[in-house]
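Heads up: the structure comes next, in structure tokens.
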Amino acid sequence: MALGKDYSTQQCSIARALEVVGERWTLLVVRDAFYGVRRYNDFLTHLGVPRAVLATRLKSLEGAGVLERRRYQQSPPRDEYVLTERGLALWPVLRSLGLWGREHIEGVLPMRVFTHAACGTELGSYGECPACGTAVPPHDVEMLPGRGLDPDPDNPVSRALLAPRRLLLPVETDRV
Ligand SMILES: [Zn+2]
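If you want it as structure tokens, here you go:
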């Protein structure tokens, strides 16, 4: 029997989580939010996602309490999207999923390397620091370009993410 549109009749916590983050593009929006992308146009530029899809994903992530919208300009009104505590708690999931892709999908090279900013050690599978033996909150994670990164020089977000930087640090592009 085909799966229904959602899994809401299932109590499995994985099924319930997928209702929030399981649609195509959703986790990539969350990933970019960890990289410091906050503004609609920057998500659009970096992801190459269709506008309507991005708008729907941002709305549903906001509705699910993963992102919150903050007004950064009154006239004309402009909002940015920032991860909530609930959203920040997805960091180990993304870290784990990224490593799984690297280990189990042929030809996948690391586009980014994530280290514990305090000691420079690459994070373990769940975002922990193997050297310090502690969990590393996202704002203490340093992101560096990896071997697989093929930056687009014409893409301002891609450019902004080239230099080593902390996760969550807002991306500054020369947008108007
Ligand atoms: Zn460490």
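All residue numbers for the sequence shown refer to the numbering used here, where the first residue is 30 and numbers rise by one. Note that beta-carbon positions come from the ideal geometry of N, C-alpha and C, so glycine has one too.
Straight through space, the alpha carbons of Arg53 and Arg124 are spaced by roughly 18 Å.
Contact between Leu197 and His168 holds, since their C-beta atoms are separated by about 5 Å, short of 8 Å.
At a Cβ-Cβ threshold of 8 Å, Val200 and Gly116 do not count as neighbours. Here the region 71-88 does not lie against the region 130-147, with fewer than 3 beta-carbon pairs under 8 Å apart. Nearest neighbour of Val49 by Cα position, chosen from Leu76, Ala62, Phe72, Gly92, turns out to be Gly92.
DSSP places Thr144 inside the beta strand (DSSP E), whose first and last residues are 141-145. For His145, the CB falls within less than 7 Å of some heavy atom of ligand 1.
Thr202 is not bridged by DSSP to any residue.
The alpha-carbon of Pro185 is positioned some 11 Å away from that of Asn70. Here Glu97 is actually not in contact with Arg67; their C-beta atoms are around 11 Å apart, not less than 8 Å.
Shown here for Thr163: same chain residues with a beta carbon closer than 7 Å to its own, the five before and five after excluded, namely Glu157 in chain order. In terms of side-chain proximity, the C-beta atom of Ala160 is found nearer than 7 Å to a non-hydrogen atom of ligand 1.
Excluding residues up to 5 positions away in sequence, Asp71, Pro185, Val186, Ala189 lie with their Cβ nearer than 7 Å to the Cβ of Thr202 in the same chain. Closest in alpha carbon position to His145, among Arg99, Ala160, His75, Gly136, is Ala160.
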